[in-house]
Amino acid sequence: MKLGEITNELETNLFQDIKHVYIDSKTGHFHVDAIASNDFMVAYYPDIGMSVESLMLSNLRLAPIQLCGLGHPVSTFGSKIDYFISGADVEISLGAELNYSERLVLLPGLGSINNYPQYQVINQPQNNKHTNSRFIIGCSWIAQKINYPLVCLLAEIVKKAKKPILFRLFAGGAEAVWQGNGFVTFNRDLESILGKENFEIIPGKPYDEYMQLIQSSDICIDSYHFGGCNTVFDSLYLRKLIITFEGDRWYNRIGSQMLRTVGLSELIATNAQEYIKLTVKLINSDKYRAQLEKKLQQADLDSTIFSTQSKKYFKKAIDFLIENHEQLKSENSIKPIFIE
């Protein structure tokens, strides 16, 4: 099932048939006829929330068993999705019902498999990474993740750093920023808090250009409260140190768990003061930063954050839910289900 605009640029080798579900941009009509009559046993949504179509479908009962994954790692808080598939190493299983309306199904590991970035790392001499005299901090956050408390933490970092700072804010293609007068307001607000010399806003870039800019940064830092996943492993793939701010949900825990997996738990902050302290330490101490950079260079990413060993558990989870769904419904339980 393909949601959104009809396109021929699809990888179809793994599928016998592709059904298109989309909203007509001219008439607003929701074309769902292709799947309205079906014999589905399971409806699995890799994400719910990244398209209007997925939001609308999540409020329908297309199959007896409906579940979603971490493509958009937040609960639907609806009544039609039965299960949410995630990772046991990342989630806090106790009290999961506070974060999910669905029953949590926990696979061993992260809950997702990270694809290798399609980018060839450019080897750059350490003393020729960039021509900017400032210490560059890569912030791959997209505009929706930039919030006032977070920017205030950046202002504290500027005050405590012994080097001039440049926060490189990758705002992406967010319509709220780039359409109309959004950019003017966004830029003005950041200037009032950070000072105009301490940041630059990067619009949406082709992937290779984005990766080159990350690689030319001195370090990276993750956002809070909605953290990153792809952006964190992008940084680690480029062997760039990144500081994370760990919270209580998958979307602000996945980056920290990846750091633990590669042996860099010292870069995980659990509160605002730690976040500031860790970032300032990496800025001010060349020796400490070099020690951790060496550690990251030696990390085996193939067997850790890019491992595919957990994929077998996804199939086990689907088989288990098909076999036990009726019993699970009758239990009326909110306890997570662990797949082993």
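Numbering (the working numbering), first residue to last: 68 to 407.
In this text, a Cβ means the ideal position worked out from N, Cα and C, and glycines have one as well.
Remember, predicted model here, so these are calculated numbers, not experimental data.
Remark: C-beta atoms of residue 308 and residue 267 do not approach each other more closely than 9 Å. For residue 239, there is no enclosing alpha helix (DSSP H); the residue is found in the beta strand (DSSP E) stretching over 232-239.
Taken through DSSP and simplified to helix, strand or coil, residue 201 comes out as coil. Distances from the alpha-carbon of residue 213 to those of 141, 274, 304 and 294 put 294 closest.
Partner residues in the beta bridge of residue 270, as assigned by DSSP, are 239. In the displayed model, residue 392 falls within a helix according to three-state DSSP.
C-alpha of residue 144 to C-alpha of residue 129: approximately 17 Å in a straight line.
Every alpha helix (DSSP H) of 4 residues or more that sits fully in the stretch 103-178 is shown, in chain order, as 119-124. For residue 250, the enclosing alpha helix (DSSP H) covers residues 249-261.
Cβ contact annotation for residue 156 (same chain, cutoff 7 Å, sequence separation greater than five): 176, 177 and 324, in chain order. Residue 225: not part of any beta strand (DSSP E); member of the alpha helix (DSSP H) spanning 215-227, first to last residue.
9 Å or more divides the Cβ of residue 209 from the Cβ of residue 228.
Of the candidates 403, 300 and 135, the residue whose Cα lies closest to the Cα of residue 181 is 300.
Pairing residue 207 with residue 100, the inter-Cα distance amounts to about 39 Å.
Between residue 343 and residue 264, the beta carbon gap of about 20 Å keeps them out of contact (Cβ cut-off 8 Å).
Cβ-Cβ distances below 7 Å link residue 401 to 164 and 170 in the same chain, with the five nearest sequence neighbours on each side left out; the list follows chain order. Counting only runs of at least 4 residues, the stretch 287-336 fully encloses the following alpha helix (DSSP H) elements, listed from N- to C-terminal order: 297-304 and 321-328. It is roughly 10 Å from the alpha-carbon of residue 147 to the alpha-carbon of residue 168. Taking 9 Å as the cut-off, the Cβ atoms of residue 135 and residue 115 count as close. By the criterion of a C-beta distance shorter than 6 Å, residue 304 is surrounded in its chain by 184, once the five residues flanking it on both sides are discounted. DSSP places residue 343 in the uninterrupted alpha helix (DSSP H) bounded by 339-351. Residue 111 sits away from residue 124, with the two beta carbons spaced by 9 Å or more. Straight-line spacing of the CA atoms in residue 122 and residue 91 works out to 15 Å. Within the same chain, 290 and 291 come within 7 Å of residue 217 by CB-CB distance, once the 5 residues on both sides are set aside. 9 Å or more divides the Cβ of residue 172 from the Cβ of residue 357.
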